[in-house]
Amino acid sequence: MPANTCGFTVIGHRGACGHAPENTLLSIDTAIRLGAHYVEIDVQHHDGELWLMHDLTLDRTTNGKGLLTAHTAAALRRLDAGGGEIIPTLPEALDLIEQRVGVNIELKSWNGCAAAVAAVLRDYIADGWPAERFLVSSFHLPELWEFKQLLPEVPLGVLYCGVPLDWAGIATELGAVALNISAEFVDPRLIADAHARGLQLNVYTVNAPEELQQLRALGVDGVFTDYPERALALG
Numbered sequence: 363m364p365a366n367t368c369g370f371t372v373i374g375h376r377g378a379c380g381h382a383p384e385n386t387l388l389s390i391d392t393a394i395r396l397g398a399h400y401v402e403i404d405v406q407h408h409d410g411e412l413w414l415m416h417d418l419t420l421d422r423t424t425n426g427k428g429l430l431t432a433h434t435a436a437a438l439r440r441l442d443a444g445g446g447e448i449i450p451t452l453p454e455a456l457d458l459i460e461q462r463v464g465v466n467i468e469l470k471s472w473n474g475c476a477a478a479v480a481a482v483l484r485d486y487i488a489d490g491w492p493a494e495r496f497l498v499s500s501f502h503l504p505e506l507w508e509f510k511q512l513l514p515e516v517p518l519g520v521l522y523c524g525v526p527l528d529w530a531g532i533a534t535e536l537g538a539v540a541l542n543i544s545a546e547f548v549d550p551r552l553i554a555d556a557h558a559r560g561l562q563l564n565v566y567t568v569n570a571p572e573e574l575q576q577l578r579a580l581g582v583d584g585v586f587t588d589y590p591e592r593a594l595a596l597g
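Count the sequence shown with the numbering used here and you get residues 363 to 597, in order.
So, in structure tokens, the structure goes:
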């Protein structure tokens, strides 16, 4: 995950979900138009497809009900993901992005998700996408480890909610390039340890301008935000 030239990477959270329904093509395109350096999307593997969906259930973000995995691909395609948007698949999202920005793909499921994402990205890399334009991340570290065995050239990001006992060592152990941590657990010692290990330290999910400014002053490398324009306004 190459740092932005200004040294502060703005990552559109689920696209730009402060402006458009999360994890939809409209949200992704909005983040790109607002100037985000990366877009972050969540993927789940089910019925032969990789669906952009954060929750394991459909209720919050679509007009569907129950577990995503309880529905067929055809049924999922008929759902409204907000404002008439469909639930897109990973290839549809990548075709829309067209290398305009970096892509952070979060593995949300563990039923072959890593292998399915690796297969898709392998094809896009073969078609000319630089491997370093991707960042694959997850809270589910065994899934990240599996992905690394399948497609080691794609950078990894470890997601963590808390402060690891070994500071940033958890990311080093996996051979990751980034540690992505919740804003409530930002610790200057963790930032320093990550940087000493050659890692980037990115923080999620930050929307308040004053908090964005504080984190940048602390020396974090990037932020996930629902409003990319707010972070970009820092200069």
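Quick reminder that beta carbons are idealized off the backbone N, C-alpha and C, glycines included.
| query | result |
| --- | --- |
| For R592, count the other beta carbons within 10 Å of its own beta carbon; 16 or more makes it buried, fewer makes it exposed. Which is it? | buried |
| Could you tell me if K470 is buried or exposed, where buried requires 16 or more neighbouring beta carbons within 10 angstroms of its beta carbon? | buried |
| Within 10 angstroms of its Cβ, does G537 collect 16 or more other Cβ (buried), or is it exposed? | exposed |
| Are V372 and P590 touching if we call contact CB-CB under 8 Å? | yes |
| Quick check: what's the CA-CA separation for G490 versus L438? | 30 Å |
| Under the three-state reduction of DSSP, which class applies to V525: helix, strand or coil? | coil |
| When burial is assigned at 16 or more other CB atoms within 10 Å of the CB, is P504 buried or exposed? | exposed |
| Given this structure, state the Cα-to-Cα distance separating L596 from G397, to the nearest angstrom. | 13 Å |
| Would you kindly work out how many angstroms separate the C-alpha atoms of L497 and Q461, rounded to a whole number? | 13 Å |
| Please report the straight-line C-alpha distance between G519 and E494, rounded to a whole angstrom. | 12 Å |
| Mind reading off the beta-carbon distance from A443 to P383? Whole number of angstroms is fine, and I expect it under 8 Å. | 6 Å |
| Can you list the beta strand (DSSP E) stretches of 3 or more residues lying completely in the segment 441–528, in chain order? | 464–469, 496–500, 518–522 |
| Tell whether a beta-carbon distance below 8 Å holds between N564 and D588. | no |
| Would you tell me roughly how many angstroms separate the C-alpha atoms of V585 and E411, rounded to the nearest one? | 29 Å |
| Exposed or buried, what is E535 when buried is set at 16 or more other beta-carbons lying within 10 Å of its beta-carbon? | exposed |
| When you compare the CB positions of L483 and L441, do they come within less than 8 Å of one another, or not? | no |
| Go through its chain and collect everything with a Cβ distance to L577's Cβ below 8 Å, but skip five positions before and after it. | A545, V548, V565, V568, V585 |
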